[in-house]
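Visitor:
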Amino acid sequence: MKRYRFSDLGSTGGNHVAFGLIPGARLSMGGLSFHPPGHRTHDDGRHVHDDCEVFCIMQGRGFIEIDGRQEPVEAGDVIAVEPGEDHHLIGDPKHPIVNLWFHASDEGHPKQYQQD
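In my numbering, the protein residues as written are 80 to 195.
(1) Mapping the DSSP letters down to three states, classify ASP87 as helix, strand or coil.
(2) Would you mind reading off the limits of the beta strand (DSSP E) that contains GLN138?
(3) Extract the residue ranges of the beta strand (DSSP E) inside the segment 140 to 177, only unbroken runs of 3 or more that lie entirely within it.
(4) Between the segment 163 to 173 and the segment 82 to 95, are three or more C-beta pairs nearer than 8 angstroms?
(5) Am I right that GLY124 and ALA183 are in contact with their C-beta atoms under 8 angstroms? What's the rounded C-beta distance?
(6) For THR91, does the count of other Cβ atoms within 10 angstroms reach 16, so buried, or fall short, so exposed?
(7) Spatial neighbours of PHE142 within its chain, please: C-beta separation below 7 angstroms, excluding the five flanking residues on both sides.
See below:
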């Protein structure tokens, strides 16, 4: 896991906002997630990826659990989860988390870029 702040994000020449922080030239998938108070994401077991996943905490606070270790997060934090790291967001009961999440690849999203 790597931690950043929104001010660390940037884009030049049409690159995505986390270009240079994670591998991949184009955003390939993502979304906006709203979590209930005290909720732990992916509570059905391990949750890992073969690539990096970025979480931008847009509202609230809580924890990100990485391989069983909890780190506090709050609005303005940007977390890059490394490939193979088991990860879960845990929202504060009084300040639940709203987050953007995304992955990048050199190919990008198939709706934007024709795949060979």
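Cβ atoms here follow ideal geometry from the backbone N, Cα and C, with glycine treated the same way. These figures come from a predicted structure and were not determined experimentally.
Guide: Once the coordinates are examined:
(1) helix
(2) 132 to 138
(3) 140 to 145, 148 to 153, 156 to 160 and 166 to 170
(4) no
(5) That belief does not hold up - the Cβ atoms of GLY124 and ALA183 are roughly 25 angstroms apart, past 8 angstroms.
(6) exposed
(7) GLN149, GLU150, PRO151, VAL152 and ILE169
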